[in-house]
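Everything on this sheet refers to the single structure shown next.
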Amino acid sequence: MSVLIDTSIWSLALRRKTAQLDRAERQQVEEWKALVSDGRARLAGIIRQEVLSGIRDARDFERLRERLAAFDDVSTDTTDHEQAAGYFNACRAKGVTPTSFDVLICALAVRHGLAIFTTDADFSHYAKILPIRLHAVRAAG
Numbered sequence: 003m004s005v006l007i008d009t010s011i012w013s014l015a016l017r018r019k020t021a022q023l024d025r026a027e028r029q030q031v032e033e034w035k036a037l038v039s040d041g042r043a044r045l046a047g048i049i050r051q052e053v054l055s056g057i058r059d060a061r062d063f064e065r066l067r068e069r070l071a072a073f074d075d076v077s078t079d080t081t082d083h084e085q086a087a088g089y090f091n092a093c094r095a096k097g098v099t100p101t102s103f104d105v106l107i108c109a110l111a112v113r114h115g116l117a118i119f120t121t122d123a124d125f126s127h128y129a130k131i132l133p134i135r136l137h138a139v140r141a142a143g
């Protein structure tokens, strides 16, 4: 199964130095590498935007943009935005306040049949309400 990689994982893998990562983060980066190597990693435009946002140096921005260019975006259409609004409302009704970005990621993952790989704990709350699947780091060995 293909996996929609969230901003937090792309940032660990492409914006942080390995020496700065703790053990769990290194495992997440290794999982990201395996998903990329297996051709199972997917990217969405909204995630691409988040990963590229906040980079001050134009050369660093361009290098990262070029690395991300190897990945096509999963398609987004009007129904995804409508579904995201419905997901937002469903979460709010259960006392969970998501971001618009997060519920769009959820809508894209559901429509494309993708699990979501993230370090963002908010997604575990969404998973109790929405029909999303979360991808976990596979056991080594």
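Just so we're aligned: 38 in this note's numbering is position 36 of the sequence shown, and the numbers increase by one with no gaps anywhere.
Just so it is clear, CB atoms sit at the ideal spot from N, CA and C, and this is done for glycine as well.
Check your understanding: From A129, R58, R42, pick the residue whose C-alpha is nearest to that of C93; which is it?
Key -> Translated into positions along the sequence shown, residue 93 becomes position 91. The shortest Cα separation from C93 among A129, R58, R42 belongs to A129.
Review point. Quick one: is T9 buried, meaning 16 or more other Cβ sit within 10 Å of its Cβ, or exposed?
Key: Against the sequence shown, residue 9 aligns to sequence position 7. Buried is the call here.
Review point. Which residue or residues does DSSP assign as beta-bridge partners of L45?
Key: By 1-based counting over the sequence shown, the position of residue 45 is 43. Beta bridge pairing from DSSP links L45 with D75.
Check your understanding: For I7, which beta-bridge partners are listed by DSSP?
Key -> Here residue 7 corresponds to residue number 5 of the sequence shown, with the count starting at 1. I7 pairs with F119.
**Study point:** Beta carbon of A123 nearer than 9 Å to that of T78
**Key:** The sequence position of residue 123 within the sequence shown is 121, counting from 1. The sequence position of residue 78 within the sequence shown is 76, counting from 1. Cβ distance not < 9 Å, so A123 and T78 don't count as in contact.
Check your understanding: From what residue to what residue does the alpha helix (DSSP H) around G88 run?
Key -> By 1-based counting over the sequence shown, the position of residue 88 is 86. It spans 80-95 - the alpha helix (DSSP H) in which G88 sits, taken as one unbroken run.
Practice item. Verify whether the separation of the beta carbon atoms of R17 and I48 is less than 9 Å. Key: Start at 1 with the first residue of the sequence shown, and residue 17 comes out as number 15. Start at 1 with the first residue of the sequence shown, and residue 48 comes out as number 46. It is not a contact, given that the beta carbons lie outside the stated cut-off.
Practice item. Using only alpha-carbon positions, find the residue among S13, S126, A138 that is nearest to R50. Key: For the purposes of this step, residue 50 is taken as the residue at position 48 of the sequence shown. The residue among S13, S126, A138 with its C-alpha nearest the C-alpha of R50 is S13.
Review point. What first and last residue would you give for the alpha helix (DSSP H) that runs through Q30?
Key: Residue numbering aside, residue 30 sits at position 28 when the sequence shown is read from its first letter. It spans 25-39 - the alpha helix (DSSP H) in which Q30 sits, taken as one unbroken run.
Check your understanding: With 16 other CB atoms within 10 Å as the buried threshold, where does E33 fall?
Key -> Within the sequence shown, residue 33 is the residue found at index 31, counting from 1. By the Cβ-count criterion, E33 is buried, with 16 or more other Cβ atoms from all chains shown falling within 10 Å of its own Cβ.
Review point. Who pairs with L136 in a beta bridge, going by DSSP?
Key: The residue labelled residue 136 in the question sits at position 134 within the sequence shown. The partner list for L136 (beta bridge, DSSP) reads I118.
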